[in-house]
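Enquirer: Under our numbering, the residues of the sequence shown are numbered 1032 to 1317, in order.
Just so it is clear, CB atoms sit at the ideal spot from N, CA and C, and this is done for glycine as well.
These numbers were taken from a predicted model, which means no experiment stands behind them.
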Amino acid sequence: MIKLFCISAILFIFIFSLGESTLIRPNFYYRIDWENINCIRAPCPQYSAQKVNTNENSTAILSFIYPDGYNKSYLFSEEARSLIIFGSIQPNPNFPTEAKDLKVVRVYKSLPLGNPASATDKYYIFGDNGVRCVTTPCASTDAVLLNIRTKQTVSDILMPYSKNVGKYFDSAWLGSKTVRSDDYGLIGQGTFSSGKITISNAFIHLPDPIGKCDSLPLLKCPGGSIMTYSRNENRCLASPTCTQSSFCTLGMPLCPAGYRLDQFRATEANGCPKYYCDPTFVCKTH
1032 MIKLFCISAI
1042 LFIFIFSLGE
1052 STLIRPNFYY
1062 RIDWENINCI
1072 RAPCPQYSAQ
1082 KVNTNENSTA
1092 ILSFIYPDGY
1102 NKSYLFSEEA
1112 RSLIIFGSIQ
1122 PNPNFPTEAK
1132 DLKVVRVYKS
1142 LPLGNPASAT
1152 DKYYIFGDNG
1162 VRCVTTPCAS
1172 TDAVLLNIRT
1182 KQTVSDILMP
1192 YSKNVGKYFD
1202 SAWLGSKTVR
1212 SDDYGLIGQG
1222 TFSSGKITIS
1232 NAFIHLPDPI
1242 GKCDSLPLLK
1252 CPGGSIMTYS
1262 RNENRCLASP
1272 TCTQSSFCTL
1282 GMPLCPAGYR
1292 LDQFRATEAN
1302 GCPKYYCDPT
1312 FVCKTH
């Protein structure tokens, strides 16, 4: 009888554990924080995840389960404070009753030199609602409140980066990430007023770009000309051509903290260098 009871108990624990491990947990958007704690005993979570746009308490996180392909040097310790993660919280396998892990589906990181967040700011993603107008402004964009899924039509999205970073910030690159129909658009932290939303901080989907840049042919340019390029919205070099070389000024700009200088021989600049200040955490493209 005792033996039968023990077998039944073990079987129950096994089935319960199996159910716990195979349970499909819902994904949500979480803002991440980090605290440098001197640990005395394990487990010792140093991270926390708070579900954005809610008043729910933060959950202590012991570790993150990342898919392959992430440059993790920009995702841990203090760097984690600039992250929003879409994923699910689950028990840590080594401390199933004491600690939680965050299984990551997507990662978003805030661009440096945003504005201080307002108390009225909320987190949104933006999509095309299909409305087409003859005149402007045209409210063809919906802002979707993260984790809540309510929608609000927006007539304009105002970003701080051209002003804060300077003229070498790539606004075309940022614009290509603002209104999307896929999962790779940015997250905007901002406040609505009169149908417009003023963004304090934009969180970029990582990795960026999503895929590798196309390989470009090596042209044989005639004497006196050089290979030049344009740069597309993915920050990839494109449209190689031969351009007559010209005199170029030697001055090189400096990028502000959090950004690095990208340069290439540009067709539109008659073969002279064209410069951009790109976030340091995005992948180099050439």
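#1: What runs of the beta strand (DSSP E), each 3 residues or longer, lie entirely inside the stretch 1055–1079?
#2: What first and last residue would you give for the beta strand (DSSP E) that runs through V1135?
#3: Measuring only the C-alpha atoms, how far is S1149 from D1201?
#4: One question on the structure: do G1226 and S1186 come within less than 8 Å of each other, judged by their Cβ atoms?
#5: Taking C-beta to C-beta, are T1310 and Y1290 nearer than 8 Å?
#6: Once you ignore the five residues that flank T1151 on each side, which residues in its own chain have a CB closer than 7 Å to its CB?
#7: Just curious, the alpha helix (DSSP H) that N1232 is in, first and last residue?
#8: What are the boundary residues of the beta strand (DSSP E) that Y1154 is part of?
#9: For E1299 and G1254, what's the separation of their Cα atoms in angstroms?
#10: Under 6 Å Cβ to Cβ from N1102, same chain only, skipping five residues before and after it: list those, please.
#11: At the level of alpha carbons, what is the spacing between F1045 and Q1183?
#12: In the DSSP assignment, find the unbroken beta strand (DSSP E) run with S1261 in it and report its ends.
#13: Within its chain, find whatever has a CB closer than 6 Å to the CB of S1141; leave out the 5 residues flanking it on each side and keep chain order.
#14: Would the beta-carbon of P1271 fall within 8 Å of that of M1258?
#15: Please return the same chain residues whose Cβ sits closer than 6 Å to the Cβ of N1301, not counting the five positions on each side in sequence.
#16: Which of the three DSSP states, helix, strand or coil, is assigned to R1112?
#17: Quick check on V1175: does DSSP put it in helix, strand or coil?
#18: Would you decide whether I1092 is buried or exposed? Buried here means 16 or more other CB atoms lie within 10 Å of its CB.
#19: Quick one: Cα of T1128 to Cα of I1218, how far?
#20: Throw me the rounded Cβ distance for the L1189 and I1228 pair, which I believe falls under 8 Å.
#21: Here's the rule: buried if 16 or more other CB atoms are within 10 angstroms of the residue's CB, otherwise exposed. What is G1145?
Expert: Taking the structure as given:
#1: Those beta strand (DSSP E) runs which fall completely within the stretch 1055–1079 and span 3+ residues are 1059–1065.
#2: Its beta strand (DSSP E) spans residues 1131–1141.
#3: Looking at the two C-alpha atoms, the distance is approximately 25 Å.
#4: Taking 8 Å as the Cβ cut-off, G1226 and S1186 qualify as a contacting pair.
#5: As written in the sequence, residue 1310 is Pro, which differs from the Thr given in the question. Against a cut-off of 8 Å, the Cβ pair of Y1290 and P1310 comes out as a contact.
#6: T1222, listed in sequence order.
#7: Where N1232 is concerned, there is no enclosing alpha helix (DSSP H), although the beta strand (DSSP E) it sits in stretches over 1227–1237.
#8: The continuous beta strand (DSSP E) containing Y1154 extends over residues 1153–1159.
#9: When rounded, the separation of the alpha-carbon atoms in E1299 and G1254 is 20 Å.
#10: Excluding sequence neighbours, N1102 sits near nothing in its chain.
#11: The predicted position of F1045 is uncertain, since its pLDDT is 41 and thus under 50; a value taken from the coordinates is nonetheless stated next. Between the alpha carbons of F1045 and Q1183 lies a gap of roughly 47 Å.
#12: In the DSSP assignment, S1261 falls within the unbroken beta strand (DSSP E) covering 1256–1262.
#13: Contacts found: S1113, N1232, F1234.
#14: Contact flag set, yes.
#15: Listed in chain order, the non-local C-beta contacts of N1301 below 6 Å within the same chain comprise S1277, local neighbours out to five positions each way being set aside.
#16: The three-state secondary structure of R1112, taken from DSSP, is helix.
#17: If DSSP states are grouped into helix, strand and coil, V1175 belongs with the strands.
#18: Under the 10 Å beta carbon count, I1092 is surrounded by 16 or more other beta carbons and is classified as buried.
#19: Straight-line Cα distance between these residues: approximately 33 Å.
#20: Their Cβ separation, rounded to whole angstroms, is 7 Å, which keeps L1189 and I1228 in contact under 8 Å.
#21: Looking at its Cβ environment, which holds 16 or more other Cβ atoms inside 10 Å, G1145 is buried.
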